[in-house]
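These notes are about the structure you will find just below.
In my numbering, the protein residues as written are 588 to 886.
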């Protein structure tokens with residue numbers, strides 16, 4: 588799942604012409620009802636509507652066959668908006684001044700929209716693409732190295748991430764971890780979630796999230812990545828896990844998945860796992876996204 592907004596048509600084309608063009612990668616759309624043959628991985632752009640570029644988006648959907656349109660709103664206008672309420676420490680309050688929103692312009696905050704969109708993306712993919720075993724969320728400014736990631740998933744215990752993550756194996760299950768218990772793969776953060784640039788949640792974990800947990804309890808998290816980490820944490824017996832003591836956690840009825848901590852920014856066995864396409868953050872290129880995301884390694 589590549590989360591995007593309608594007006595990013597040129598950036599979507601960058602993805603199509605680079606890693607999405609590799610052999611074995613197939614695309615999905617809203618009208619796919621069964622697994623396409625001969626595919627090692629599937630990809631789709633998950634996008635909402637914005638009431639501005641919807642007609643252009645539908646033309647792109649018809650031509651490219653790699654977009655899933657969600658019933659969610661993607662804000663189009665990024666210009667500053669009036670701040671409706673003053674901050675708690677506004678000095679003008681003590682001076683008897685009146686807060687005038689139009690005099691205090693701020694950049695809009697899309698946190699709630701992003702959280703809702705990522706949640707709907709996972710729900711849609713889990714419900715409509717049941718043959719998928721692992722569901723990855725990829726940002727538009729991220730370049731995934733698909734072959735290396737698939738190699739990890741094929742043999743997790745012996746993969747670089749698996750070897751690194753033996754110390755954080757599940758502790759709440761009555762039996763040793765097996766693949767059916769689930770996987771949560773990414774750059775491990777703060778003891779319970781994966782950084783939002785790229786992460787994977789396997790189908791057993793999503794099955795438990797959407798069937799056996801209270802999804803609304805995690806929507807108040809500060810970001811979509813922390814929300815997903817919260818949802819994963821609430822699927823198993825937290826009291827017997829490494830996450831014991833987290834005040835907001837709610838134990839669930841499912842096996843505890845294995846959190847696989849990935850060194851995304853380091854060469855592991857000669858290859859990266861993914862690369863954020865941002866200056867100074869990735870050792871690939873030095874320019875715009877078009878020049879930055881290339882399937883190359885630095886000398």
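Just so you know, even glycine gets a beta-carbon here, dropped at the ideal spot from N, CA and C.
This structure is a prediction, so every number in the text was calculated from the model and none was measured.
- With respect to the 8 Å criterion, residue 656 and residue 722 are not classified as neighbours on the basis of their beta carbons.
- By the neighbour-count definition (other C-beta atoms within 10 Å, threshold 16), residue 846 is a buried residue.
- Residue 621 sits exposed, since fewer than 16 C-beta atoms from the chains shown fall within 10 Å of its C-beta.
- Within the model, the alpha-carbon separation for residue 750 versus residue 859 is close to 16 Å.
- The residues 821 and 837, in chain order, have a CB closer than 8 Å to that of residue 801 in the same chain once the five nearest residues on each side in sequence are set aside.
- 647 is the residue among 647, 796, 831 and 771 whose C-alpha sits nearest the C-alpha of residue 631.
- By the Cβ-count criterion, residue 786 is buried, with 16 or more other Cβ atoms from all chains shown falling within 10 Å of its own Cβ.
- Secondary structure remark: continuous alpha helix (DSSP H) runs of at least 4 residues inside the region 619 to 673, in chain order: 641 to 651.
- DSSP lists 845 as the bridge partner or partners of residue 770.
- The way I'd put it, the region 753 to 765 does touch the region 823 to 838; three or more beta-carbon pairs between them come closer than 8 Å.
- Pairing residue 737 with residue 770 gives a Cβ-Cβ distance that is not under 8 Å.
- When the alpha-carbon of residue 764 is set against those of 691, 724, 841 and 688, the nearest one is in 841.
- Taking each of 711, 608 and 703 in turn and checking the Cα distance to residue 616, the smallest one comes out for 711.
- Spatial neighbours of residue 611 in its own chain (CB-CB distance under 7 Å, excluding positions within 5 residues in sequence) are listed in chain order as 626, 627 and 628.
- Contact between residue 673 and residue 686 holds, with the beta-carbon distance rounding to 4 Å and staying under 8 Å.
- Taking residue 720 as the centre and dropping the five residues before and after it, the same chain places the C-beta of 790 closer than 6 Å to its C-beta, in chain order.
- In the DSSP annotation of this structure, residue 721 is not part of any alpha helix (DSSP H); the continuous beta strand (DSSP E) holding it starts and ends at 721 to 725.
- Sorting 864, 608 and 726 by C-alpha distance to the C-alpha of residue 811 places 726 at the top.
- By the neighbour-count definition (other C-beta atoms within 10 Å, threshold 16), residue 635 is a buried residue.
- Here residue 682 is exposed: its Cβ has fewer than 16 other Cβ atoms, across all protein chains shown, within 10 Å.
- If you draw a straight line from the Cα of residue 694 to the Cα of residue 667, it is about 4 Å long.
- Sequence-distant Cβ neighbours of residue 809 in its own chain, meaning closer than 8 Å and more than five residues away, are 698.
- Beta-bridge partners assigned by DSSP to residue 781: 775.
- The DSSP-derived three-state label of residue 763 is coil.
- Around the Cβ of residue 597, a 10 Å sphere holds fewer than 16 other Cβ atoms; the residue is exposed.
- In the same chain as residue 652, and ignoring 5 residues on each side of it, the C-beta atoms closer than 8 Å to its own belong to 614 and 616, in chain order.
- DSSP places residue 731 outside any alpha helix (DSSP H); the residue lies instead in the beta strand (DSSP E), whose first and last residues are 729 to 731.
- Distance check between residue 707 and each of 851, 849, 589 and 609 places 589 closest, using alpha-carbon atoms only.
- Judged by DSSP in its simplified three-state form, residue 796 adopts helix.
- Counting only the Cα atoms, residue 753 lies some 15 Å from residue 768.
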